[in-house]
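Residues -15 to -1, 1 to 159 in mature numbering (1 follows the signal peptide of the UniProt record, and there is no 0) are what the sequence shown spells out, letter by letter.
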Amino acid sequence: MLSIFFYLLIPAVLSQSMERAMMGANYINFKAAELVGSIQGTLILEERDDGLNIEDRLTGVPFGKHGIHVHENGSTGNECLDAGGHYNPTNVSHGGPNDAERHIGDWGNFDVAGDPHLYTFTDHVAKLTGPYGIVGRSIVIHADEDDLGRGNNPDSKINGNSGPRLACGVIVSV
Ligand SMILES: *[C@@H]1O[C@H](CO)[C@@H](O)[C@H](O)[C@H]1NC(C)=O
Ligand SMILES: *[C@@H]1O[C@H](CO)[C@@H](O)[C@H](O)[C@H]1NC(C)=O
Ligand SMILES: [Cu+2]
Ligand SMILES: [Zn+2]
């Protein structure tokens, strides 16, 4: 499983970075999360001038909305519970990706209506490196919709009440 993953991922990443370098694009870095759990696939994270670009290719995600966040710890054991809570170094409330108050990796929801799920978005808060860098932490995809901190549930302001963890991966350098 692992060897297949790396065999597939590394050539894709290298060819994309080489392509961008050849085009004179502002290539800085690639990081990827390897997902463990019921979902398979990759997320490729790239820091660009306009923010952190996040590109996913996932299979096996149930249709519907699923919260996706950066969690504190770079561990995926115990069915992703070892990843801990949302990465929250400044002790603020959970929010949506466009909110002024939010956690560093509050990326909202993946709205899944096809398999594979292919989606690209840019985040202007999370960074790969630096004081609140997310490399070495993890990404978790949840079973339920993230209410973006606007629900009535006590968990809403903590984690968006997005339910059990379907998949997770550590953010690593490739
Ligand atoms: C995550 O890391 C923090 C800080 O090291 C630690 O206090 C916490 O227990 C960890 N959480 C889990 C679930 O391991
Ligand atoms: C974080 O914020 C909450 C709510 O504002 C507060 O109750 C808690 O004591 C804070 N924790 C730390 C470690 O500052
Ligand atoms: Cu989460
Ligand atoms: Zn959060």
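All residues carry an ideal CB built from backbone N, CA and C; glycine is no exception.
In this structure, ligand 3 has a non-hydrogen atom nearer than 8 angstroms to the beta-carbon of Gly52. Ala152 and Gly115 have their alpha carbons spaced roughly 26 angstroms apart. Annotation for Arg150: Gly22, Glu64, Cys65, Leu66, Ala68, Val125, Ile126, His127, Ala128 place their beta carbon closer than 8 angstroms to its own, counting only its chain and skipping 5 residues before and after. Proximity of the beta carbon of Leu66 to ligand 1 is indicated: a heavy atom of the ligand is located closer than 8 angstroms.
If you compare the alpha carbons of Gly49, Asn83, Gly90 with that of Val120, the shortest gap goes to Gly90.
Between Val110 and Arg87, the gap from beta carbon to beta carbon is short of 9 angstroms. Contiguous beta strand (DSSP E) elements confined to the region 64 to 113 occur at 91 to 97, 102 to 108, taking only those with 3 or more residues.
In the structure shown, the three-state DSSP call for Asn138 is coil.
Residue Phe106 holds the alpha-carbon nearest to the alpha-carbon of Leu28 among Phe106, Asp140, Glu130. Contact between the region 72 to 88 and the region 35 to 47 is not established, with fewer than three Cβ pairs separated by less than 8 angstroms.
Pairing Thr61 with Ser123 gives a Cβ-Cβ distance under 9 angstroms. In the three-state reduction of the DSSP assignment, Ile24 falls in the coil class. Residue environment for Pro139: exposed (fewer than 16 other C-beta atoms within 10 angstroms of its C-beta).
The three-state secondary structure of Ile143, taken from DSSP, is helix.
Across the set Ile143, Asp96, His51, the C-alpha of Ile143 shows the shortest separation from the C-alpha of Val77.
Not one heavy atom of ligand 3 sits closer than 8 angstroms to the Cβ of Ser141.
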